[in-house]
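Chains as they are written, first to last, in this note's numbering: chain A, 240 to 468; chain B, 240 to 468.
Just so it is clear, CB atoms sit at the ideal spot from N, CA and C, and this is done for glycine as well.
Data block below; observations after.
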DNA sequence: TCAAAAGTGTTAGTAATACACCCATGC
DNA sequence: GCATGGGTGTATTACTAACACTTTTGA
């Protein structure tokens, strides 16, 4: 006979999604114009409320899908934000999630339809509630993860140049890296396939394209390999 | 005019506290016999429900105080656990917090009164709900933090021997460390004060006692120092 | 006198950093 | 022919890891 917790306070539990993308220049974050009160019309992370039948991961994916049409991506829980007055309308606790996606792979039309927009992390607009704080924390976590595992390949097209990869790392870490050291380290990891093909857009000489070797990477992870950039 | 989110589901939000302690031998976790249904009488983390007027940090401290008499310690948020059926009585999301405390500094009588008990992390009893999973995650986080910052001093008495400190690190990391390398590294950090005094309990020869130099440490942190064991 | 834990340095290997010039091409 | 970005290797330094014997003293 299971007894219930009848005297306890219940609260609204929100989920906010921090979606990172990369456009071969800058690290970007996807924001949306909020279409309900309070703060209607202001920029915001993709957010919504947890429903009774969902866990938080599922809610995060549903909310992202409803607001942007983006489906089935891996999101990771960041932190629960719980200041009593963080939402002026009503007491709400928000669990922030973040994810990395490839901007080009996700249908621009769909995102436009939903009035979502990419902003460079260095030029974010004013955001509602504590969403800036969430983003600050997400960037910190992203930097940490980047220094442990070679993530970031999600953010690039299937074929990419060393220079694009380097720029991606630079924009995540917020600092310039040495070209030769970077290439040496990435090559030492031995998880890229160098293609015959060259990308001729970026320079007259052209630069070789690479692919991420997911199989080799998986194998190395199983052998317990760890990464340090 | 602030509008409310009237159609959204509300849920119970619980907080569970993972309290780490060290008794100069083993890394331990504080557990309590649950005195209400469901699962009454089984071992559990210290848990309770968030109240309307509290944020999660404050709730975590209140719950810990009510169940163990331990006050005013620094707790860090770990993760929100949200499986739909994690609590059979009613839909409950739980945010886990963890902390490090010095077992001896916290009044044993008080803890006994509340029927809390310390268990070695290597010999945990069966726990309710998803509490084992919470502990696994907390240990992982603790190991990570230990490898970045010289934490763990919270777990030792004010004066301690190098060997005690080494045992603490070994029990957090779950592996043996080399005595000389350990001492060399700790000394290189230059955040301990070597005392004249010796501890005569552990051996015939006696071993020198050390103190953590909080001031020096603070200064180094400000200079941007980072730690790698 | 011996058992039990404390204390003490060096070396070899590995990883991280700093650094500068030539190449290929389109204009 | 020159401007642009691409590509390449080495030397130095700092860190990490492995390793064994002597000291002290209470029983």
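DSSP three-state call for residue i: helix, strand or coil?
| i | result |
| --- | --- |
| residue 351 of chain A | helix |
| residue 318 of chain B | strand |
| residue 312 of chain B | coil |
| residue 279 of chain B | coil |
| residue 344 of chain A | helix |
| residue 257 of chain B | strand |
| residue 431 of chain B | strand |
| residue 399 of chain B | strand |
| residue 263 of chain B | coil |
| residue 244 of chain B | coil |
| residue 390 of chain B | coil |
| residue 418 of chain B | helix |
| residue 274 of chain A | coil |
| residue 301 of chain A | helix |
| residue 329 of chain B | coil |
In the DSSP assignment, find the unbroken alpha helix (DSSP H) run with residue i in it and report its ends.
| i | result |
| --- | --- |
| residue 468 of chain A | Neither: residue 468 of chain A is in no alpha helix (DSSP H) and is coded neither H nor E. |
| residue 294 of chain A | Careful: residue 294 of chain A lies outside any alpha helix (DSSP H) and carries neither H nor E. |
| residue 377 of chain B | 370 to 387 |
Can you grab the Cα-Cα spacing for the pair residue i / residue j, in whole Å?
| i | j | result |
| --- | --- | --- |
| residue 407 of chain B | residue 382 of chain B | 12 Å |
| residue 287 of chain A | residue 292 of chain B | 22 Å |
| residue 265 of chain B | residue 357 of chain B | 10 Å |
| residue 283 of chain B | residue 416 of chain B | 32 Å |
| residue 463 of chain A | residue 386 of chain A | 16 Å |
| residue 311 of chain B | residue 394 of chain B | 15 Å |
| residue 314 of chain B | residue 432 of chain A | 45 Å |
| residue 254 of chain A | residue 295 of chain A | 7 Å |
| residue 300 of chain A | residue 467 of chain A | 30 Å |
| residue 345 of chain A | residue 397 of chain A | 13 Å |
| residue 328 of chain B | residue 244 of chain A | 8 Å |
| residue 404 of chain B | residue 263 of chain B | 9 Å |
| residue 319 of chain B | residue 256 of chain B | 12 Å |
| residue 388 of chain A | residue 275 of chain B | 43 Å |
| residue 248 of chain A | residue 249 of chain B | 9 Å |
| residue 421 of chain A | residue 457 of chain A | 22 Å |
| residue 360 of chain B | residue 252 of chain B | 26 Å |
| residue 279 of chain B | residue 368 of chain B | 12 Å |
| residue 469 of chain A | residue 373 of chain A | Since the first residue of chain A shown is 240 and the last is 468, residue 469 of chain A is not available in this structure. |
| residue 437 of chain B | residue 465 of chain B | 30 Å |
| residue 260 of chain B | residue 339 of chain A | 37 Å |
| residue 342 of chain A | residue 384 of chain A | 20 Å |
Which partner residues does residue i have in the DSSP bridge list?
| i | result |
| --- | --- |
| residue 269 of chain A | A:357 |
| residue 458 of chain B | None; residue 458 of chain B has no bridge partner. |
| residue 335 of chain A | A:255 and A:318 |
| residue 446 of chain A | A:438 |
| residue 250 of chain B | A:250 |
| residue 451 of chain A | A:431 |
| residue 366 of chain B | B:282 |
Smallest Cα separation from residue i: which of the options?
| i | options | result |
| --- | --- | --- |
| residue 428 of chain A | A:405, A:448 and A:455 | A:455 |
| residue 268 of chain A | A:416, A:311 and A:378 | A:378 |
| residue 355 of chain B | B:332, B:307, B:375 and B:322 | B:307 |
| residue 309 of chain A | A:420, A:258, A:280 and A:290 | A:258 |
| residue 321 of chain A | A:337, A:397 and A:370 | A:370 |
| residue 330 of chain B | A:290, A:336, A:351 and A:271 | A:290 |
| residue 303 of chain B | B:332, B:270 and B:440 | B:270 |
| residue 316 of chain A | A:450, A:323, A:305 and A:297 | A:297 |
| residue 352 of chain A | A:411, A:402 and A:272 | A:272 |
| residue 400 of chain B | B:440, B:277 and B:341 | B:440 |
| residue 453 of chain B | B:277, B:391 and B:347 | B:391 |
| residue 445 of chain B | B:411, B:402 and B:349 | B:402 |
| residue 376 of chain B | B:410, B:336 and B:365 | B:336 |
| residue 448 of chain A | A:435, A:460, A:242 and A:442 | A:435 |
| residue 460 of chain B | B:450, B:342, B:325 and B:430 | B:430 |
| residue 277 of chain A | B:277, B:242 and B:305 | B:242 |
| residue 281 of chain B | B:348, B:363, B:347 and B:324 | B:363 |
Where does the unbroken beta strand (DSSP E) through residue i begin, and where does it stop?
| i | result |
| --- | --- |
| residue 288 of chain A | 285 to 288 |
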